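K.L.:
In my numbering, the protein residues as written are 8 to 495.
#1: How would you call residue 336, buried or exposed, if buried means at least 16 neighbouring beta carbons within 10 angstroms?
#2: Among the candidates 192, 327, 361 and 147, whose CA atom is the shortest distance from the CA of residue 178?
#3: Whose C-alpha, out of 118, 62, 371 and 352, is nearest the C-alpha of residue 131?
#4: Any contact between the region 418 to 430 and the region 369 to 383? By contact I mean 3 or more CB pairs, one from each, below 8 Å.
#5: Roughly how many angstroms separate the alpha carbons of residue 189 and residue 98, rounded to a whole number?
#6: Use the C-beta contact count for residue 39: other C-beta atoms within 10 angstroms, 16 or more gives buried, fewer gives exposed.
#7: Grab me the residues of residue 492's own chain with a C-beta within less than 6 Å of its C-beta, minus the 5 sequence neighbours each way, in chain order.
#8: Write down the C-beta distance between residue 261 and residue 314 rounded to the nearest angstrom, noting that I regard them as a contact closer than 8 Å.
#9: Given residue 399, which residues of its chain have a CB within under 6 Å of its CB, disregarding the five upstream and five downstream residues?
#10: Hey, would you say residue 284 sits closer than 7 Å to residue 342, going by beta carbons?
#11: Could you tell me how far apart the beta carbons of residue 143 and residue 200 are, in whole angstroms, since I believe they sit closer than 8 Å?
#12: Distance check for residue 27 and residue 19, CA to CA, integer angstroms please.
#13: Using the beta-carbon count (16 or more within 10 Å), is residue 41 buried or exposed?
#14: Work out the CA separation of residue 212 and residue 194 for me, nearest whole Å.
#15: Nearest by alpha-carbon distance to residue 77: which of 250, 203, 350 and 299 is it?
#16: Using alpha carbons as the reference points, say which of 468, 470, 460 and 469 lies closest to residue 486.
#17: Compute the Euclidean distance between the alpha carbons of residue 82 and residue 221, then round it to the nearest angstrom.
#18: What residues are listed by DSSP as bridge partners for residue 108?
#19: Taking the Cβ atom as the reference point for each residue, do residue 32 and residue 16 lie within a distance shorter than 7 Å?
#20: List, from N- to C-terminal side, the beta strand (DSSP E) runs of 3 residues or more that fit wholly inside the region 121 to 166.
#21: Identify which residue in 475, 440 and 435 has its Cα closest to the Cα of residue 454.
#22: By alpha-carbon positions, which one of 463, 458, 468 and 94 ends up nearest to residue 480?
#23: Going by DSSP, what residue range makes up the beta strand (DSSP E) through residue 478?
#24: Who are the Cβ neighbours of residue 367 in its own chain at under 6 Å, not counting the five residues just before and after it?
#25: Counting pairs of beta carbons, one from the region 99 to 107 and one from the region 165 to 177, are three or more of them closer than 8 Å?
#26: For residue 192, which of helix, strand or coil comes out of DSSP?
#27: Quick one: is residue 92 buried, meaning 16 or more other Cβ sit within 10 Å of its Cβ, or exposed?
#28: Do residue 298 and residue 412 have their C-beta atoms closer together than 7 Å?
#29: Can you tell me whether DSSP reads residue 441 as helix, strand or coil?
#30: I'd like to check one pair, residue 164 with residue 104: are the Cβ atoms closer than 7 Å?
#31: So, do the region 434 to 453 and the region 402 to 410 have three or more beta carbon pairs nearer to each other than 8 Å?
#32: What are the residues that DSSP puts in a beta bridge with residue 412?
#33: I'd like the span of the alpha helix (DSSP H) that includes residue 253, first residue to last.
#34: Out of 12, 425 and 146, state which residue places its alpha-carbon closest to the alpha-carbon of residue 36.
#35: Taking 7 Å as the threshold (C-beta atoms), are residue 206 and residue 106 in contact?
#36: Relative to the alpha-carbon of residue 66, which residue among 23, 80, 47 and 89 has its alpha-carbon at the smallest distance?
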């Protein structure tokens with residue numbers, strides 16, 4: 008009977024191309040299958056299962072990418088407690104959100120938000136929406152009540168922070184600012200260490216380290232799968248945004264999620280490089296935004312990836328502190344907030360990248376990208392604001408990637424949502440695989456020098472004149488906006 012059961016499971020897994028959980032019953036010597044469903048698994052197991060299925064040629068690159076969650080990768084790379092054997096385990100609860108953290112324990116949200124120290128752990132009987140800002144700032148959260156789907160568990164898993172809930176023997180005395188676990192007492196400000204992967208709580212300061220992604224065999228193989236999908240153009244439209252985000256994480260160390268920043272929203276009245284749009288202009292912007300469906304994260308990943316890519320490439324070329332040469336906010340997001348209720352706010356963010364073709368040779372025909380995004384912020388700590396620390400031009404401190412709507416223009420042309428992913432893939436591949444200069448025996452500087460010549464001189468150079476028209480830098484021998492941007 009066991010052999011028959013194993014044989015049936017193998018058939019089912021081959022059919023569904025996944026590891027499955029099977030419900031069955033044996034009646035009168037016969038095996039009856041009642042239910043088949045995808046197996047429950049950790050993030051690390053999910054990566055290993057899908058990488059192994061790919062190696063066995065059961066699934067392809069797109070199947071792997073679509074099944075891997077960004078949080079799976081983060082779970083594999085969660086730091087570890089190096090001195091765990093030296094610490095005293097004082098309690099054990101439910102592993103509500105994976106990861107490890109060490110910090111000084113505090114029992115109220117105000118103590119966390121007012122505390123200047125970076126390493127702090129929020130300890131409460133249970134949390135409420137009022138604790139969101141403290142949960143965001145703290146390294147971890149522990150509660151004596153709650154389960155795997157409690158408010159704390161759900162919120163902190165979304166933040167990528169570790170959490171332990173349901174520590175039944177944890178008794179908190181808010182008045183005395185201490186907690187008792189059986190006969191053990193923890194006072195406010197003392198160091199504790201939390202392991203959100205197994206639910207254990209330790210007394211003392213942990214030594215926390217993490218290993219690089221390429222030392223994990225499955226993650227290394229996953230990076231090769233993603234690279235193959237991108238290079239061979241076998242990547243599906245629905246996977247484009249996620250594939251590039253994963254690649255950027257592996258090769259450019261760009262995080263998937265936005266983490267808390269120490270920067271403050273400081274008002275500097277004496278300088279502003281833009282005019283805040285009038286209320287009627289703001290209303291018009293809202294009317295042209297594209298709504299992102301909750302079912303698909305593809306376009307959300309595309310918008311995040313486009314912004315990250317431009318900031319990285321332009322920042323690498325132009326240098327730190329010179330963002331005003333290629334980037335500017337086009338509105339103050341703190342003046343564009345809509346409140347749905349007490350805790351949830353929707354914020355409009357406007358950004359413009361310019362001089363792209365000047366600084367990035369592979370984008371010689373792209374001079375400007377304008378982007379509006381509407382972000383849903385679940386707390387004050389997720390609201391973005393102007394960074395006015397550089398007197399030559401403001402920047403933006405983005406504190407949430409929870410994009411609900413967007414509007415995108417490239418070279419003053421609106422990009423429709425149905426073309427977004429495909430155009431983004433072409434845009435990203437330009438950075439790595441565009442051989443136009445080599446194939447046409449020219450350079451970026453030669454094209455700029457050519458455009459700087461008079462119309463009569465340009466007409467005499469048939470070769471470069473042809474290239475300039477192909478790239479739409481010229482039209483009927485007249486400079487276009489793209490061409491003008493290169494010489495202005």
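Cβ coordinates follow ideal geometry from the N, Cα and C atoms, glycine included.
All of these numbers come straight from a predicted model, not from anything done at the bench.
P.N.:
Considering the structure as presented:
#1: It counts as buried.
#2: When each option's Cα is compared against that of residue 178, the closest is 192.
#3: Taking only the C-alpha atoms, the option nearest residue 131 is 118.
#4: They touch, by the three-pair rule.
#5: The straight-line gap separating the alpha-carbon atoms of residue 189 and residue 98 is approximately 9 Å.
#6: exposed
#7: 364 and 374
#8: That belief does not hold up - the Cβ atoms of residue 261 and residue 314 are roughly 10 Å apart, past 8 Å.
#9: Cβ within range, chain order: 331.
#10: no
#11: Actually they are not in contact, since the Cβ atoms of residue 143 and residue 200 sit about 20 Å apart, beyond 8 Å.
#12: One alpha carbon belongs to residue 19, the other to residue 27, and they sit about 8 Å apart.
#13: exposed
#14: Taking the straight line joining both Cα atoms gives about 14 Å.
#15: 250
#16: When only C-alpha atoms are compared, the closest one is 460.
#17: Cα-Cα distance, rounded: 15 Å.
#18: 201
#19: No; because the gap between Cβ atoms is not below 7 Å, this pair is not in contact.
#20: Annotation note: the region 121 to 166 contains the following uninterrupted beta strand (DSSP E) runs of length 3 or greater, listed N- to C-terminal: 127 to 131 and 147 to 150.
#21: 475
#22: 458
#23: No beta strand (DSSP E) contains residue 478, which DSSP labels as neither H nor E.
#24: 320.
#25: yes
#26: strand
#27: exposed
#28: yes
#29: The answer is coil: DSSP assigns residue 441 none of H, G, I, E or B.
#30: yes
#31: no
#32: 298 and 381
#33: 247 to 259
#34: 12
#35: no
#36: 23
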